[in-house]
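Okay, so the sequence shown: first residue is -18 according to the working numbering, each after it adds one.
Encoded as structure tokens, the structure appears first; notes follow it.
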Amino acid sequence: QVQLVESGGGLVQAGGSLSLSCAASGIIFSINPMAWYRQAPGKQREWVATITGIGITNYVDSLKGRFTISRDNAKNTVTLQMNSLKPEDTAVYYCNAPPNRQYWTWGQGTQVIVSS
């Protein structure tokens, strides 16, 4: 059974940084591409970034340069470093398979609140 556990969210002022982590279990992590998503209040969940098993990354255009996705295959974790945060980054952040793959059961996500 695949389990995804996100952590690292919190309250931060605009311009600040946060590092989110996702711990995955129940999969052969190193061969699976991973992705981060977010869901803002009243909006649909949106894709943020993807990283392949060998570290090739892709981002939604609007977040390039501010967010960085990385992974540690030895620890089965994927990280999202978020810099220069804006109030519009406020959302619940989730990790899962990329949009072109079958999703695993969604975790509880981690809440990010950016105050102005």
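C-beta: ideal position from N, C-alpha, C; glycine also.
{"Item": "Pick from Gln(-18), Thr33 and Ile8 that is closest to Trp17, judged by C-alpha positions", "Value": "Thr33"}
{"Item": "Paired residues, beta bridge with Trp17 - DSSP", "Value": "Ala30 and Cys76"}
{"Item": "Ala78 to Gln62 span [Cα, whole Å]", "Value": "18 Å"}
{"Item": "The segment -12 to 4 contacting the segment 40 to 59, beta-carbon criterion three pairs below 8 Å", "Value": "yes"}
{"Item": "Integer-rounded CB distance, given that Gly(-10) should sit under 8 Å from Tyr74", "Value": "6 Å"}
{"Item": "For Asp53, the nearest candidate out of Val(-7), Ile12, Gln20 and Leu(-1) (CA to CA)", "Value": "Ile12"}
{"Item": "Proximal residues to Glu51 (C-beta, below 6 Å), its chain only, five neighbours per side dropped", "Value": "Looking at the sequence provided, one finds Ser at residue 51 rather than Glu. Contacts found: Thr60."}
{"Item": "Expected contact under 8 Å - CB spacing of Gln89 and Glu(-13) to nearest Å", "Value": "7 Å"}
{"Item": "C-alpha distance - Val(-17) paired with Arg19, whole-angstrom precision", "Value": "20 Å"}
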